[in-house]
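J.: Can you keep this structure in mind? I'll have questions shortly.
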Amino acid sequence: MEKIVLFGELMLRLKPSGKERLFQSPCLESVFGGSEANVAVSLAVFGKNVCYVTALPDNAVGEAAAASLRYYGVRVDALRKPGRLGIYYLEDGACQRPSQVIYDRSGSCLAVTKSDEYDWENIFDGCSWFHLSGVTPAVSAEAADCALCAVKKAHKCGARVSVDLNYRKKLWKYGKSANEVMRVLAENADVLIANEEDIQHCLGIPLRNFTTPAESYRDLCIQVKKHFPNVDYVAVTLRHSYSADRNGWSSVLLGKFGFYEGAHYDIENIVERVGAGDSFAAGLIYGLTEFDMNSEGERKALDFATAASCLKHSVPGDFNLVRKEEVYSLMSGNAAGRIQR
């Protein structure tokens, strides 16, 4: 079975219960998560052979973090060293109050690990696909160097590379801009995943206004391919936030055989938004590795990714734990949420 490798930081997530404000409650719920880790778990649940590469503290916290991925079938290739695990605090939004994230990641094991500490040759042995998000190179200069080294090693071994631009304005504090770093990573990618803001901040390409939104996003994808001719696929997620609890969700894809618009989902009573973009990335990777690569296959890959990420809004925690059969069911039009007997 093809091996999919992902590299990133696995973090401890702390949040108050339900919709409470941060520290309104004396208790915080703890789970683990992180962009590439979320993608890894989703792919493993879909049945893919997944290896997640990271650096973790050599203590009980690091072991618990690794175990949270192994539970779902993800192989964890982690450097174990003295240090700390990155943390993020999440306050879940409600109505017109948006969700808030506070990062505490400075000096984490991954943030201080240098690229020559990883055994890249062994990591990429048998690898057919490598995935990275823009969150990882935003953490530190060392993490950015590791990210660039990883994409180059992946290409050298013949793997396809997907990069989710994933711009985080609260990161990028070490002296380099997202545009400086992410453009270089994009030059080494076969698949780019983003929303319009990611593309503007990371690649410097704005969304231009045309007669219809579809024409505008098609033009945006074309501009990305024009600036980065190495890229075969450009996928853009489209979110319309009516409130913290109700969002519109869709996507577009410019592939080798055409331009496609994904299904539109009006998602009400959102359980959790965190990880929705990562679940889209996982769905797209699954589709591009599972379906025939022709016009029909590209459309099916986009529809699978969009449906998978729609369903993630119903799952608490960072990880998307829906099975591929549930995704296919939604793709076929079963969107009423009726009991499956």
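Residue 4 in full-length UniProt numbering sits at position 4 of the sequence shown, and the numbers go up by one each step.
All C-beta atoms in this analysis are idealised placements derived from N, C-alpha and C, irrespective of residue type, glycine included.
Using C-beta distances below 7 Å, list every residue in its chain close to F219, excluding the 5 sequence neighbours before and after it, in chain order.
T.: The question names Phe, but residue 219 is Asp in the sequence shown. Closer than 7 Å at Cβ, skipping near neighbours: R208, F210.
J.: Roughly how many angstroms lie between the CA atoms of W172 and Y103, to the nearest whole one?
T.: Spanning the two alpha carbons is a distance of roughly 12 Å.
J.: Report the rounded CA-to-CA distance for V191 versus V161, giving the unit in angstroms.
T.: Going by the C-alpha atoms only, they are around 6 Å apart.
J.: Please work out which residues of its chain come closer than 6 Å, Cβ to Cβ, to residue 368, disregarding the five sequence neighbours upstream and downstream, and give them in chain order.
T.: Here the chain has residues from 1 to 341 only, and residue 368 is not among them.
J.: Comparing the CB of Y174 with every heavy atom of the ligand FMN, is any distance shorter than 8 Å?
T.: As for the ligand FMN, it is missing from this structure, which has no ligand bound.
J.: Sort out for me which residues DSSP pairs N247 with in a bridge.
T.: Answer is S241, I267, bridged to N247.
J.: Excluding the 5 residues preceding and the 5 following F257 in the sequence, name in chain order all residues of the same chain whose CB lies nearer than 7 Å to its CB.
T.: So the list reads N294, S295, E298, once near-sequence residues are dropped.
J.: Given this structure, state the Cα-to-Cα distance separating S279 from L12, to the nearest angstrom.
T.: About 19 Å.
J.: From the DSSP output, read off the bridge partner residues of V234.
T.: L192, L254, per the DSSP bridge assignment.
J.: In terms of residues, what are the limits of the alpha helix (DSSP H) holding N122?
T.: First-last of the alpha helix (DSSP H) with N122: 120-123.
J.: With respect to the beta strand (DSSP E) encompassing M11, which residues constitute its N-terminal and C-terminal limits?
T.: Taken as a continuous stretch (DSSP letters only), the beta strand (DSSP E) holding M11 covers 11-15.
J.: If you count every other CB in all the chains shown that lies within 10 Å of the CB of G33, and 16 or more means buried, which is it?
T.: Result: buried.
J.: Beta carbon of R97, beta carbon of A244: below 9 Å?
T.: Yes. Within cutoff.
J.: Which residues does DSSP list as the beta-bridge partners of L56?
T.: According to DSSP, L56 bridges with R80.
J.: Does the distance from the CB of Y167 to the CB of A141 come in under 9 Å?
T.: No, Cβ-Cβ distance for Y167 and A141 is not below 9 Å.
J.: Could you check what DSSP says for A141 in three-state terms: helix, strand or coil?
T.: Correct three-state label for A141: helix.
J.: Considering Y88, what are the terminal residues of the beta strand (DSSP E) in which it resides?
T.: Y88 -> beta strand (DSSP E) spans 87-91.
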